[in-house]
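Visitor: Please find one structure pasted underneath; my questions will follow.
In our numbering, the protein residues as written are 144 to 258.
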């Protein structure tokens, strides 16, 4: 199983939406999506996980790596849509300031929108 993705530019914030399952088979596609977002972003990036059916340990590590690769030029990237999923690596990255966590894309957009 793989993932699908799209990138939306709106209000000075870029939203990278993912769906499917982020496992070993989808890592290459996810890396490509992040590289595309890096090349075409117009502001801070939100990685929306709300439509993902799940991920394995490698998938979660790839999300944290993506946040680090997106850098902090526009502030740390944000992750939203975790819901009640257990994500210890993402929580640690948040605690270290590598990424921000928001409950949903609307909240993340509001928090990251440029004045």
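All residues carry an ideal CB built from backbone N, CA and C; glycine is no exception.
On the CB-based measure, 16 or more other CB atoms within 10 Å of its CB, does residue 178 come out buried or exposed?
Guide: exposed
Visitor: Which of the three DSSP states is assigned to residue 229 in this structure?
Guide: Residue state, collapsed to three classes: coil.
Visitor: Between residue 223 and residue 180, is the Cβ-Cβ spacing less than 7 Å?
Guide: no
Visitor: What residue from 190, 153 and 161 has the CA that sits closest to residue 211's CA?
Guide: The shortest C-alpha separation from residue 211 is found at 190.
Visitor: Where do the N-terminal and C-terminal ends of the alpha helix (DSSP H) with residue 248 fall, by residue?
Guide: DSSP places residue 248 in the uninterrupted alpha helix (DSSP H) bounded by 248-255.
Visitor: Going by the DSSP bridge assignment, what does residue 162 pair with across the sheet?
Guide: Residue 162 pairs with 147 and 194.
Visitor: Under 8 Å by Cβ, that's how I've got residue 220 and residue 187 pegged, so tell me the actual separation to the nearest angstrom.
Guide: 7 Å
Visitor: In three-state DSSP terms, what is residue 243?
Guide: strand
Visitor: Below 6 Å CB to CB, which residues in the same chain sit around residue 239 once its five sequence neighbours on both sides are set aside?
Guide: none
Visitor: Please report the Cβ distance between residue 172 and residue 193, rounded to the nearest whole angstrom; I am assuming they are in contact, meaning their Cβ atoms lie under 8 Å.
Guide: With 8 Å as the limit, residue 172 and residue 193 do not qualify as a contact, their Cβ atoms being about 18 Å apart.
Visitor: Using the beta-carbon count (16 or more within 10 Å), is residue 201 buried or exposed?
Guide: exposed
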